[in-house]
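Engineer: Residue numbers (my numbering), protein chains in the order written: chain E, 2 to 151; chain U, 2 to 151; chain F, 2 to 83; chain G, 2 to 83. Cβ coordinates follow ideal geometry from the N, Cα and C atoms, glycine included. Take this structure, written in C-alpha cells, and hold onto it; I'll ask about it next.
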Amino acid sequence: MTVLIQENSFDMGRVLNEFADRLSGAGAVVSFSGIVRDIATEDLRAMEIEHFPGMTERALLAIRDDAVARFFLIDALILHRFGTLTAGEAIMMVATAALHRTDAFDGAVYLMDYLKSRAPFWKKEITERGGRWVEAQERDEAALRRWSQG
Amino acid sequence: MTVLIQENSFDMGRVLNEFADRLSGAGAVVSFSGIVRDIATEDLRAMEIEHFPGMTERALLAIRDDAVARFFLIDALILHRFGTLTAGEAIMMVATAALHRTDAFDGAVYLMDYLKSRAPFWKKEITERGGRWVEAQERDEAALRRWSQG
Amino acid sequence: MLDIRYFAWLRERLGTERETVQTTAETVLDLVAELRGRGDAYAVVFADLAAIRVAVDQELGGLDTPISDAHEVAFFPPMTGG
Amino acid sequence: MLDIRYFAWLRERLGTERETVQTTAETVLDLVAELRGRGDAYAVVFADLAAIRVAVDQELGGLDTPISDAHEVAFFPPMTGG
C-alpha cells in the first residue's frame, strides 16, 4: 500500500506506525501531514478536492518510485484524500524511510514538491461568498525546479 | 510537554497524534523518528545511550525554542530516550508544525542537526567484541554550519 | 473517436466533464483549435493556453504532444495537490 | 570547591563520574592544566583537547571560558545525539 487515494479521513499516527512497523533496517523515518487551514479573511466552510481517478494513481506511483530511486529510500508512502473537507482536517500525508536522516528528509520534501504541482488534484475553497478555485503558486514551480539543477 | 527525556520506549504514532491534536491553525506537520540500526559487519547486541541529566533538558529546550523562533513554528516537540536499546527500537523523535510546509521541514531538519551535535547524549554500541563509543561525524558539524551562513 | 475530459474550472465553465469527439487533429494544439470553434464557452476556456495543462492518455503532455493514437485527452488548470 | 563531571569514555578511562576539587583556576584551560597533574589517567584523557568538549554550569563552553564563579565543570567527548 504505497499509494492510497481515499475520500475517508485517516489517522496519521496509525498510518505512521503501520509504515514504520513494516520497515527493516531503516535508521530514519520522516512524515509530512497536510492540514486544511482556515482562510485569514473569512470563514472556510469547506475545501473541495477534485481529482482525476486513474491518472491520480499513476502519477502518485510514479512520483513515489522516483523518490525511492533518487534518495535510496527503503520505503515511501503517499496518502491523499479527495472530496469535501473542513478546516483542521488532514488532507494528505507522505512518509519516507532511509538509512540516514538526510535522504529521508530530502525524499519527503521531493514527494511534497511533486505532489503540489504534478499530481492531478484541484482544490476549491467554499466560503459564505461562494466557491474559489485555489490557484497554483509560482513558489511551488520554483520548488520543483530545484530538483532539476545540479 | 515540548521536551521529553525518557528511558521508556514510546509509540511514535501516538506522539504524533497527541502533538497534532493540540495544534490550531497549522497547515503542515512534520515528524522525524530515529531508529537503532544494526551494524553492517557484526551483530549489535545493544545501543547504550548516556546523557547529562539537567543539562540535557536545558539544551533541548533551547534548541526547541530556537527552532520555533527561527522558522515561525506553531509548535515543536523533541523526545529523546536514554539507557539500553536494541536494533529496530526508536531512539528519538521530533515533530514540528507550521503554516507552510517549508518551515515545518526546515524546522525539523534544524532540530535534528542540533540534536546530533549539541545535545549531551553519547551512544555506545555493544557487540560480541565489546563496547565502542560512536564517534561524532564531520558531516554532522558540516550540517550545523549551514545554519550560520546566509 | 476521442474522449475529452475537463476538470476544475474548465469543467464548470463548459458545463461538461466528458465528451466524445470525432477529430483528425494530430496534436493537442490542433485539437484546441477545433474545440475553440465549438462555441463561446470553449473560446473563453481556451483563450489563455498558459493557464491550461493537458494529459494525453493520463500522462502529462504539452501543446505539441501527438494525439493521433490517443484514446483520451484531458484539460485542466495547474494542479494544486498536497 | 568545584564539582567536576565526566561522561562517556572520559568517565570510563578515569573510573569516576564526579569529583570535587579545590582550585584557583580562572579558566577551563587552567583547570585542565591542574587536572593533568593528577596522574597518568588524567594525562591520557586530556592529551588531545580537540577531542574534548566542556560545559560550565551546564552551558557549552570553551577552553577560555571563565570558571571563577562556576559551580560545576563537565568534560565529555563530542556529542552523538539524535
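#1: Hey, quick one: how far does the alpha helix (DSSP H) through G/Leu36 stretch, first residue to last?
#2: Taking the DSSP output, what are the residues bridged to E/Lys125?
#3: Can you grab the Cα-Cα spacing for the pair F/Phe77 / E/Ala27, in whole Å?
#4: So that I know if they touch, is there some Cβ in chain E lying closer than 8 Å to that of F/Gly16?
#5: Contact check, U/Phe11 vs U/Ala96 under 8 Å by CB: the rounded distance?
#6: Hey, would you say U/Gly35 sits closer than 8 Å to U/Ile127, going by beta carbons?
#7: Return no unless some Cβ of chain U is closer than 8 Å to the Cβ of E/Val135.
#8: Is there a Cβ of chain E sitting closer than 8 Å to that of F/Phe77, yes or no?
#9: Give the residues of chain U in contact with E/Leu100, contact being defined as C-beta atoms less than 9 Å apart.
#10: Can E/Lys124 and E/Gly132 be called in contact, C-beta distance under 8 Å?
#11: What do you get for F/Gly40, buried or exposed, if any count of 16 or more other CB atoms within 10 angstroms of its CB means buried?
#12: So, does the CB of F/Thr66 fall closer than 8 Å to a CB anywhere in chain E?
#13: Among the residues of its own chain, which have a CB less than 7 Å from the CB of U/Asp66, if the five just before and after it don't count?
#14: Give the DSSP-derived three-state secondary structure of F/Asp62 in the structure shown.
#15: Look up U/Thr85 in the DSSP assignment and give the residues it is bridged to.
#16: Where does E/Ile64 fall in DSSP's three states?
#17: For chain E, is any of its Cβ atoms less than 8 Å away from the one on F/Phe8?
#18: By Cβ distance, which residues of its chain are closer than 8 Å to G/Gln59, with the 5 residues on each side in sequence left out?
#19: Please list, in chain order, the chain U residues whose beta carbon lies closer than 7 Å to that of G/Gly82.
#20: If we define contact as Cβ-Cβ less than 8 Å, is E/Met113 a contact residue for chain F?
#21: In chain order, what residues of the same chain lie with their CB nearer than 6 Å to the CB of U/Leu5, ignoring the 5 residues before and after it?
#22: Nearest to E/Leu61 by alpha carbon, out of F/Ser69, F/Ala52, F/Asp70 and F/Gly82?
#23: In chain U, which residues lie with their C-beta within 8 Å of the C-beta of G/Ala56?
#24: Compare the Cα-Cα distances from E/Leu86 to each of E/Thr3, E/Gln150 and E/Glu49 and report the closest residue.
#25: On the CB-based measure, 16 or more other CB atoms within 10 Å of its CB, does F/Met80 come out buried or exposed?
#26: When the Cα atoms are used, what is the spatial distance from G/Gly16 to G/Tyr43?
#27: Run through DSSP, which three-state label would E/Val31 get?
#28: Is there a Cβ of chain G sitting closer than 8 Å to that of U/Arg46, yes or no?
#29: Any beta carbon from chain F within less than 8 Å of E/Met93's own beta carbon?
#30: Looking only at C-alpha atoms, which of G/Arg12, G/Phe8, G/Asp31 and G/Trp10 sits nearest to G/Gly63?
#31: So, does the CB of U/Gly35 fall closer than 8 Å to a CB anywhere in chain E?
#32: Roughly how many whole angstroms lie between the Cα atoms of E/Ala77 and E/Arg119?
#33: Does the beta-carbon of U/Thr57 have 16 or more other beta-carbons within 10 angstroms, so that it is buried, or is it exposed?
#34: Would you report the Cα separation of G/Thr28 and G/Phe47, rounded to the nearest angstrom?
#35: Give the C-beta separation of G/Ala71 and G/Leu3 to the nearest angstrom, bearing in mind that I take them to be a contact with Cβ-Cβ under 8 Å.
#36: For a cutoff of 8 Å on Cβ pairs, would you count U/Arg59 as touching chain E?
Structural biologist: Taking the definition as stated:
#1: Val29 to Arg37
#2: Beta-bridge pairing links E/Lys125 to E/Glu49 and E/Trp134.
#3: 39 Å
#4: no
#5: With 8 Å as the limit, U/Phe11 and U/Ala96 do not qualify as a contact, their Cβ atoms being about 12 Å apart.
#6: no
#7: So, not an interface residue.
#8: yes
#9: Arg38
#10: no
#11: exposed
#12: no
#13: none
#14: Rather than Asp, the amino acid found at residue 62 of chain F in this sequence is Gly. Strand.
#15: U/Glu49
#16: helix
#17: With 8 Å as the cut-off, F/Phe8 counts as an interface residue toward chain E.
#18: Glu73 and Ala75.
#19: Chain U residues near G/Gly82: His81, Leu116, Lys117, Ala120 and Phe122.
#20: yes
#21: Leu80
#22: Checked all of F/Ser69, F/Ala52, F/Asp70 and F/Gly82; the closest Cα to E/Leu61 is F/Gly82.
#23: Phe53, Met56 and Pro121
#24: Check the Cα spacing between E/Leu86 and each of E/Thr3, E/Gln150 and E/Glu49: the tightest is with E/Glu49.
#25: buried
#26: Per the coordinates, the alpha-carbon of G/Gly16 lies some 10 Å from the alpha-carbon of G/Tyr43.
#27: strand
#28: no
#29: Chain F, which has a Cβ nearer than 8 Å to the Cβ of E/Met93, makes this yes.
#30: G/Asp31
#31: yes
#32: Rounded to the nearest angstrom, the two C-alpha atoms are 17 Å apart.
#33: buried
#34: Note on geometry: alpha-carbon atoms of G/Thr28 and G/Phe47 lie some 15 Å from one another.
#35: 7 Å
#36: Output row for U/Arg59: interface = no.
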